[in-house]
Amino acid sequence: MRRAFVYGYPVGHSLSPAIHNAAFRAAGLHVEYAVREVAPPALAAAVADLRAEDVLGTNVTVPHKVAVLDLVDEVDAVARTVGAANTIHNRGGRLWATNTDVGGFARSLERAHFAVEGVSALLLGAGGAARGVAYALLDGGARRLLIANRTVQRAERLAAEMGGLFPALEVKPSGLDSLTGDELRGCDLVVNSTSLGMSEDRSPLDPSRLSPRARVIDIIYAPARTLLLRRAEAAGLRTLNGLPMLVEQAALAWEIWTGRVAPIEVMFEAAEAALRRRETERAAS
Ligand code: NAP
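Residues 861 to 1145, numbered by the working numbering, are exactly what the sequence shown covers, in order.
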């Protein structure tokens, strides 16, 4: 039996064990994927444990995505550029890190047939997840990117950094509350990467101010339909939630660890079933 993990703190509600274990079972691989709650002072020792022969690797989640970069032997170009890793692969005792959130987000848009090439995009948020999304949008060929955040200084920093990486493209910052009607109507693709809408039924913007052609993505997956997505649907806009991104980033990590094509439909079913179980437990408590 080989082992794989997700390292985080806290990490109890992660859907990753359900998604990965279903995929290992479906592929007939004897791998057990487990949650490991790692407090920040214990991170270096926990990463060193990944060098063991029976360990495939780990996923890394909040708050360790940046700190692991200094604890592995090699960081690939995407993780280095984004400044965060979510996947570590044990390659014969040497640890290699990458960021599959970027590819996972890109694949989720492809799956939904949401084009990125040539679009004018609005990204809400400038936290950890926003970095990967911004990179995926610009790398995917977005023509313009407006980054709007409650704390405008964080939007300014992220826009300057991304503008430096993609000097031919237009990357601008904004406050979340200071977006103008013209800016909103000019967007083809809107991505919410703030956490607003996750624990409270609130929306970071009013989608009725967007163009009818705009597509609205919320990378939150629980609840499945945030207030932003419900309002966007009510305004007749096409929407996508964060579940495909979650499953696609898992599939990319799984493929890195196993060298096989991930059983993506099995992974989607496992994620949906785990979310339903979580909802039932929540309703019962
Ligand atoms: P983070 O680093 O803590 O960033 C949080 C972001 O939300 C910041 O931009 C913050 O703005 C903004 N925000 C928080 N509360 C707000 C409020 N009341 N009003 C306006 N803005 C607010 O978190 P993260 O890791 O980027 O995660 C963000 C969300 O993405 C979470 O809901 C997470 O579940 C989701 N996510 C989904 C996936 C997936 O696979 N689908 C992957 C990663 C993350 P300030 O800078 O002003 O504080």
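Just so you know, even glycine gets a beta-carbon here, dropped at the ideal spot from N, CA and C. Note that this is a predicted model, so its numbers are computed, not measured.
Within the same chain, Cβ atoms closer than 8 Å to the Cβ of A887 are found at T1118, R1120 and P1123, the five residues on either side in sequence being excluded.
Taking 4 residues as the shortest admissible run, the segment 1094 to 1142 contains the following complete alpha helix (DSSP H) segments, listed from N- to C-terminal end: 1103 to 1118.
Separation of A1130 and V891 (C-alpha to C-alpha, rounded to the nearest whole angstrom) is 16 Å.
Within its own chain, the residues whose Cβ lies closer than 8 Å to the Cβ of P923, once the five positions on either side in sequence are excluded, are G868, Y869 and P900, listed in chain order. Counting along the chain, S968 sits inside the alpha helix (DSSP H) bounded by residues T960 to R971. The segment 1017 to 1028 and the segment 964 to 978 do not touch, with fewer than 3 CB-CB distances between them shorter than 8 Å. Here DSSP, grouped into helix, strand and coil, assigns L1056 to coil. In this structure, the C-beta of T958 stays at least 7 Å away from each heavy atom of the ligand NAP. Here the C-alpha atom of G1102 lies approximately 5 Å from the C-alpha atom of I1080. T1011 and L1018 have their C-alpha atoms some 11 Å from each other. Between D1048 and V979, the C-beta spacing is below 8 Å. Going down the chain, each residue whose beta-carbon is closer than 6 Å to a heavy atom of the ligand NAP shows up: V922, D961, G985, A986, G987, G988, A989, A990, N1009, R1010, T1011, R1014, L1036, S1053, T1054, S1055, L1056, M1058, P1064, I1079, I1080, Y1081, G1102, M1105, L1106 and Q1109. Shown here for L982: same chain residues with a beta carbon closer than 6 Å to its own, the five before and five after excluded, namely L1006, C1047 and V1050 in chain order.
Beta-bridge partners of H949 (DSSP): G917 and W956. Bounds of the alpha helix (DSSP H) holding P877 are S876 to A886. Contact between the segment 948 to 960 and the segment 1062 to 1080 is absent: fewer than 3 CB-CB pairs across the two stretches fall below 8 Å. Where R1073 is concerned, there is no enclosing alpha helix (DSSP H), because DSSP gives it neither an H nor an E. The three-state reading of DSSP puts Y995 in helix, counting H, G and I together. Under DSSP, the beta-bridge partners assigned to Y893 are A864. If you ignore the 5 residues before and after N881, its C-beta comes within less than 6 Å of the C-beta of Y893, all in its own chain and listed in chain order. Within a 10 Å sphere around the beta-carbon of T1140 sit fewer than 16 other beta-carbons, which makes this residue exposed.
A1008 and E1016 have their C-alpha atoms roughly 9 Å apart.
Every beta strand (DSSP E) of 3 residues or more that sits fully in the segment 995 to 1031 is shown, in chain order, as 1004 to 1009. Residue L969 holds the alpha-carbon nearest to the alpha-carbon of P1104 among L969, L1039, L903 and N946.
Distance check between S1059 and each of L1135, A1094 and P1083 places P1083 closest, using alpha-carbon atoms only. The C-beta distance from L910 to T921 rounds to 15 Å, too long to meet the 8 Å contact threshold.
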